[in-house]
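Going by the numbering used here, the sequence shown opens with residue 29, and the numbers climb by one from there. Virtual Cβ for every residue (Gly too), placed ideally from N, Cα, C. This one's a predicted model, so the numbers in the text were calculated from it and none came from an experiment. First up is the structure itself, then whatever we jot down about it.
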Amino acid sequence: MSLKDKLTGKFIVFDGPDGSGKSTQIRLLADHLRAQGLQVTLARDPGGTAIGDRIREILLGGDELAKMDVRCETFLFMASRAQLVGEVIEPALKTGHVVLCDRFISATCAYQGAAGYDVSRIIELGQYAVSNTWPSLTLILDVPSEEGMQRVGKRCNNVDAMESRPIDYHRNVREQFLQLRSPSAYPGCVEVIDATGSREQVFNALLEVLERVDL
29 MSLKDKLTGK
39 FIVFDGPDGS
49 GKSTQIRLLA
59 DHLRAQGLQV
69 TLARDPGGTA
79 IGDRIREILL
89 GGDELAKMDV
99 RCETFLFMAS
109 RAQLVGEVIE
119 PALKTGHVVL
129 CDRFISATCA
139 YQGAAGYDVS
149 RIIELGQYAV
159 SNTWPSLTLI
169 LDVPSEEGMQ
179 RVGKRCNNVD
189 AMESRPIDYH
199 RNVREQFLQL
209 RSPSAYPGCV
219 EVIDATGSRE
229 QVFNALLEVL
239 ERVDL
């Protein structure tokens, strides 16, 4: 089966620790798939809609996150996600697009899970927020926390509220992400990709996963 036939109408999420290179790999894959004739819709979470962008600003744009209860964080992420699914992701999938999304419920499992929220409850809330629109494939781009935060620092001087948390928190986030590859930990197919190599090496590993997995 060609990659075009395999991915038509599929929902693929890119996730992982801060600095893992998600945005770069999403752009590379989008260009690659469009060159093969696929229609591609790009999405980001939180945000991606007018309502979601307002929620994103509350979560990441100021000092509110430091004072926010982890339960409030979780519900706000789910609210943005519900709007993104209803407004962007579901319509795109119905017309045969492949949807590439920067973060999704897997991110809440890792980040809010690292802050002490029960991951099983996060998944339960996620299933309520998005109903049956669950990713066909979740790709976790993995880098050690220290390397990821170094990359974030080089990328820009303005880190968001989540990125500015202590390194021990980010180590815990990474561990939470890696735990999602267990079949019993997270619904759907989860693949971990070593993102410590060059941009080209990571992209080649990503293509190998797409060729190999059964969607």
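- Taking C-beta atoms as the reference points, Ile83 and Ala107 count as a pair closer than 7 Å.
- Within the same chain, Leu169, Val171, Arg179, Ala223, Arg227, Val230 come within 8 Å of Gly49 by CB-CB distance, once the 5 residues on both sides are set aside.
- The beta carbon of Ala143 sits closer than 7 Å to the beta carbons of Val98 from its chain, once the five residues preceding and following it are set aside; these are given in chain order.
- With 16 or more other Cβ atoms inside 10 Å of its own Cβ, Asn200 counts as buried.
- Distance from the Cα of Gly89 is smallest, within the candidate group Phe103, Pro74, Thr102, for Pro74.
- Uninterrupted alpha helix (DSSP H) stretches at least 4 residues long and entirely within the region 66–146 occur at 78–88, 92–95, 98–112, 118–122, 133–142, given in chain order.
- Each residue's CA atom was taken as its position, placing Ala110 and Glu174 some 32 Å apart.
- Asp196: member of the alpha helix (DSSP H) spanning 195–207, first to last residue.
- A distance below 7 Å between beta-carbons, with the five flanking residues on each side excluded, links Gln140 to the following residues of its chain, in chain order: Val98, Glu101, Thr102, Ile150.
- Secondary structure at Thr166: strand, using DSSP grouped into helix, strand and coil.
- The criterion of a C-beta distance shorter than 7 Å is satisfied by Arg202 and Pro45.
- Spatial neighbours of Thr161 in its own chain (CB-CB distance under 8 Å, excluding positions within 5 residues in sequence) are listed in chain order as Phe39, Val113, Ile117, Glu118, Leu121.
- Rounded to whole angstroms, the Cβ separation of Lys34 and Leu243 is 6 Å, and the two are in contact under 8 Å.
- Rounded to whole angstroms, the separation of the alpha carbons of Gln155 and Asp81 is 21 Å.
- Beta-bridge partners assigned by DSSP to Glu219: Leu167.
- Val241 carries a coil assignment under DSSP once its states are collapsed to helix, strand and coil.
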